[in-house]
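**Student:**
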Amino acid sequence: MSKGLVSKRAAWKALGRHATKARALHLRGLFANDPHRGRRMTIDFPGLYLDYSKNRVTDETLRLLGALTKECGLSKKINAMFRGDKINPTEKRAVLHVALRAPRGTSIMVDGVNVVPGVHAVLDKMADFTHRVRNGSWKGHTGRPIRNIVNFGIGGSDLGPVMAYEALRAYTERALRFRFVSNVDGSDFAEAVRDLNPAETLFIVSSKTFTTVETMTNAKTARDWLVQNMKGDESCVSKHFVAVSTNAKDVAAFGIDTDNMFGFWDWVGGRYSMESAIGLSTMLALGPNGFQSLLEGFRAMDDHFRTAPFHKNMPALMGLLSVWNVNFLGAHSVAVLPYDNYLKRFPAYLQQLTMESNGKSVTVGGVLVDYDTSPIYWGEPGTNGQHSFYQLIHQGTRLVPCDFIAFAKSLNPIGRHHDLLLANVCAQAQALAFGKTAAEVKAEKVPADLVTHKVFLGNRPSNTLIAEMMTPALLGKLVALYEHITFTQGAVWDVNSFDQWGVELGKVLAQRIAPELESESEPALSHDSSTNEIIRRLREWKKD
Ligand code: G6Q
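So the number in the working numbering is just where the residue sits in the sequence shown, counting from 1, plus 10.
(1) Assuming LEU460 is part of the alpha helix (DSSP H), what are its boundary residues?
(2) Alpha carbon to alpha carbon, how far is ASP69 from ILE53? Give it in angstroms, no decimals.
(3) Helix, strand or coil: which one does DSSP assign to ASP269?
(4) Which class does THR211 belong to by DSSP, given the choice of helix, strand or coil?
(5) Can you tell me whether GLY500 sits near the ligand G6Q, meaning its C-beta is under 8 Å from at least one heavy atom of the ligand?
(6) Assign MET11 to buried or exposed, taking buried as 16 or more other Cβ atoms, counted over all protein chains shown, within 10 Å of its Cβ.
(7) Relative to the ligand G6Q, is the shortest distance from any of its heavy atoms to the C-beta of GLU493 smaller than 8 Å?
(8) Considering Cα atoms alone, identify which of ARG355, GLY57, LEU186, VAL16 is closest to LEU475.
(9) DSSP state of TYR400, grouped into three classes?
(10) I'd like to check one pair, MET479 with LYS419: are the Cβ atoms closer than 9 Å?
(11) Check MET11 in the structure and name its three-state DSSP category.
(12) In this structure, how does DSSP classify LEU467 when only helix, strand and coil are distinguished?
(13) On the criterion of 16 or more Cβ atoms from any shown chain inside 10 Å, does GLN510 qualify as buried, or is it exposed?
(14) What residue range does the alpha helix (DSSP H) around ALA67 cover?
(15) Restricting to Cα atoms, I'd like to know which of PHE220, LEU432, ASP121 is closest to PHE162.
(16) In the DSSP assignment, what residue or residues form a beta bridge with ILE386?
(17) What does the Cβ neighbour count give for GLN499, buried or exposed, with the cut at 16 atoms within 10 Å?
(18) Return the CA-CA distance between PRO298 and THR140, expressed in angstroms with no decimal places.
(19) Could you name the residues of the same chain whose beta carbon sits closer than 7 Å to that of LEU363, not counting the 5 residues immediately before and after it, in chain order?
(20) What are the partner residues of PRO348, as DSSP defines its beta bridges?
(21) Within the stretch 16 to 43, note down every full beta strand (DSSP E) run reaching 3 residues or more, in order along the chain.
(22) Could you tell me which residues DSSP pairs with LYS446 in its beta bridges?
(23) Near ALA209, what residues of its chain come up, given a Cβ to Cβ distance below 6 Å and the 5 sequence neighbours on each side ignored?
(24) Name the DSSP bridge partner or partners of TYR59?
(25) Within the same chain, show all residues whose beta-carbon is closer than 6 Å to that of ALA20, passing over the 5 residues directly before and after it, in chain order.
(26) My parser needs the beta strand (DSSP E) runs of 3 or more residues fully inside the stretch 241 to 325; what are they?
(27) Once you ignore the five residues that flank PRO471 on each side, which residues in its own chain have a CB closer than 7 Å to its CB?
(28) What first and last residue would you give for the alpha helix (DSSP H) that runs through ARG187?
(29) Counting Cβ pairs, one atom from each stretch, are 3 or more of them under 8 Å apart for the stretch 345 to 352 and the stretch 388 to 408?
(30) Where does PRO357 land, buried or exposed, given buried means 16+ other C-beta within 10 angstroms?
(31) On the CB-based measure, 16 or more other CB atoms within 10 Å of its CB, does SER255 come out buried or exposed?
(32) Compare the C-alpha of ARG73 against each of HIS321, VAL435, ILE97, GLY340 and name the closest.
(33) With a 10 Å radius around its C-beta and 16 neighbouring C-beta atoms as the bar for buried, classify THR225 as buried or exposed.
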């Protein structure tokens, strides 16, 4: 599979040589020498504008990154994904989140079967259910309409739904209350239901496998809570629980009518599933039309990724720029900084998408890599972050490339708020790139002993993504953009972006430790001395 590490390829080596020169460049000089740079180094995708001019790149860098995509076979890999090839070899699966937004009537084959009609059958079933809940014809056990919707899920079965709900809150049905419970920590469940009327509450158990310990523990607790509140009548479960899963057998065993199960497929990875049935809460919140617009946004970015040439291809270019920053300029992280409060869960969503996908140390062929793979993605909405960690980005010793995201129009236009917000996003990208020299500081008559403290070196790279306004379609474009950035990075680093074996070991060990914490008698502990001591101390302190 792997024909040698990417670090041995000619374009990678050429980039290494080029980087020694490029590291000496400053964005001040790059802009001074090219008055059109801020216009040239942009991509104008319909409804979403990328300015990447504040990256430490020249035309030569871009040419070499383009050559790297060719050597890594990026377009072949993109075609293989869209065609339904089994590009996740460690799990022997196709990777077809793109089929989830394929238009009705198109065809994508997996094992000789066109999967697109099945996708639309599930979307239709979700739409029918959504109508019934929203118009009150779906009634709870006591005949009351549903007012509260609680989604149980974790990881890929939680982060997308909660992020989408928060991002699109302005478009949601405000008569319905949505809660998202993920953590096995009982406090998550307790706080989510404490003010809810069980007779008006619908639980969505979102679990591809229907075996995930956190989700099943929460779902069982909810079932007990409901039945207890319905005077022990078990028959209430079918009116208050629906499932999103691929596991019909366990769904039925839980007591959920499989007619109220919304299916998906093994070719949808958890972290790539928010627009599958896992998005049932999203559809309930937005309505089927809003969900349709979300899908259209995804689809537009898919078409762009599949067809645009490298220099005009937003995800491919942003993916390659992150490779440049990580592997050639020494960055270890990417800060995602949305200047939109509705996007407050977007960095958390991206953390799973990017780091679970590309946090790998071996190639698809199983060979240990000798270069860094995924950077750490993190972030907070602006302007909050400015009063917190931006100090390090401006004056610290680390290079932290930033992705700024902003919208020209506010969904809540109040006074000067939005112009102040936008002024800040423009100012931050500008300050990071151009900084402030010692001469400029001195010219402000700053006392000599403070000059070095007040110098901003600048030359900090950033991308700026701007759109007119947050909408469901725009969110679809944005999520698909980062999905395909992640794909591009994985294609270059030659890792399998679609498995996640690294999450297994801890799960297995927890299964062994849980009975040791629970046992009445003192267990014989045979872990390392640190784990043994921690378990002993926890047992001691949890006694009544
Ligand atoms: C994502 C992972 C993981 C998964 C959760 C929940 O890509 O596979 O985050 O989504 O572990 O799994 P279930 O949906 O099976 O409960």
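We treat Cβ as the ideally placed atom computed from N, Cα and C, and that holds for glycine. Owing to the predicted nature of the structure, the values given are computational and were not obtained by experimental measurement.
**Tutor:** With the structure as the only source:
(1) Numbered from 1 along the sequence shown, position 450 holds the residue referred to as residue 460. Counting along the chain, LEU460 falls outside any alpha helix (DSSP H), and DSSP gives it neither H nor E.
(2) Counting from 1 along the sequence shown, the entry for residue 53 is found at position 43. Counting from 1 along the sequence shown, the entry for residue 69 is found at position 59. Each residue's alpha carbon lies about 15 Å from the other.
(3) Taking the first residue of the sequence shown as 1, we reach residue 269 at position 259. Correct three-state label for ASP269: helix.
(4) In the sequence shown, counting from the first residue as 1, residue 211 sits at position 201. Strand, per DSSP.
(5) Stepping through the sequence shown from its first residue, residue 500 is reached at position 490. Because no heavy atom of the ligand G6Q lies under 8 Å away, the Cβ of GLY500 does not count as near it: no.
(6) As a first step, residue 11 must be located in the sequence shown, where it is residue number 1. Here MET11 scores only 40 on pLDDT, less than 50, and its place in the model is too uncertain to base an answer on.
(7) Numbered from its first residue, the sequence shown carries residue 493 at position 483. No, the ligand G6Q has no heavy atom inside 8 Å of this Cβ.
(8) Sequence index remark: in the sequence shown, residue 475 carries index 465 (1-based). For the residues ARG355, GLY57, LEU186, VAL16, the minimum Cα distance to LEU475 belongs to GLY57.
(9) As a working mapping, residue 400 is identified with position 390 in the sequence shown. Helix.
(10) Sequence index remark: in the sequence shown, residue 419 carries index 409 (1-based). Sequence index remark: in the sequence shown, residue 479 carries index 469 (1-based). Yes. Within cutoff.
(11) As a position in the sequence shown, residue 11 is number 1, starting the count at 1. Reliability fails at MET11, whose pLDDT of 40 lies under 50, so the model's placement of it is uncertain and the value that follows must be treated cautiously. In this structure, MET11 counts as coil in the three-state DSSP scheme.
(12) Your numbering for residue 467 matches position 457 in the sequence shown. Coil.
(13) Here residue 510 refers to the residue found at position 500 when the sequence shown is read from its first residue. The residue in question, GLN510, is buried, as its Cβ has 16 or more Cβ neighbours within 10 Å.
(14) Along the sequence shown, read from residue 1 onward, the residue named residue 67 stands at position 57. One point to set straight first is that residue 67 is Val, not Ala, in the sequence displayed. No alpha helix (DSSP H) contains VAL67, which DSSP labels as neither H nor E.
(15) Residue mapping note: residue 162 aligns to position 152 of the sequence shown, counting from 1. Closest option to PHE162, Cα to Cα, is PHE220.
(16) Mapped onto the sequence shown, residue 386 falls at position 376. For ILE386, which the question treats as bridged, DSSP gives the partners SER343.
(17) For the purposes of this step, residue 499 is taken as the residue at position 489 of the sequence shown. Answer is buried; the Cβ neighbour count reaches 16.
(18) On the sequence shown, position 288 is the one that residue 298 refers to. On the sequence shown, position 130 is the one that residue 140 refers to. If I take the Cα positions, the gap works out to 7 Å.
(19) Taking the sequence shown and counting its residues from 1, the one referred to as residue 363 is at position 353. Taken in chain order, the residues that qualify are ARG281, TYR492, GLU493, THR496.
(20) Within the sequence shown, numbered from 1, the residue matching residue 348 stands at position 338. ILE415.
(21) none
(22) Residue mapping note: residue 446 aligns to position 436 of the sequence shown, counting from 1. Answer by DSSP bridge pairing, in chain order: PHE466.
(23) By 1-based counting over the sequence shown, the position of residue 209 is 199. Same-chain partners within the cutoff: GLY150, THR152, ARG154.
(24) Counted from its first residue, the sequence shown places residue 59 at position 49. Answer is ASP54, ILE476.
(25) Mapped onto the sequence shown, residue 20 falls at position 10. Excluding positions up to five away in sequence, the list is empty.
(26) 251 to 255, 271 to 273
(27) Reading the sequence shown from its first residue, position 461 is the one you call residue 471. Only LYS64, ASN65, ARG66, ASN335, PRO411 meet the Cβ criterion.
(28) Translated into positions along the sequence shown, residue 187 becomes position 177. It is not in any alpha helix (DSSP H) - ARG187 instead sits in the beta strand (DSSP E) that spans 187 to 191.
(29) yes
(30) If you number the sequence shown from 1, residue 357 lands on position 347. Per the 10 Å Cβ criterion, buried.
(31) Along the sequence shown, one-based indexing puts residue 255 at 245. Its Cβ being crowded by 16 or more others within 10 Å, SER255 is buried.
(32) Position 63 of the sequence shown, counting from 1, holds the residue named residue 73. Nearest C-alpha to ARG73: HIS321.
(33) As a position in the sequence shown, residue 225 is number 215, starting the count at 1. When all chains shown are included, THR225 counts as buried.
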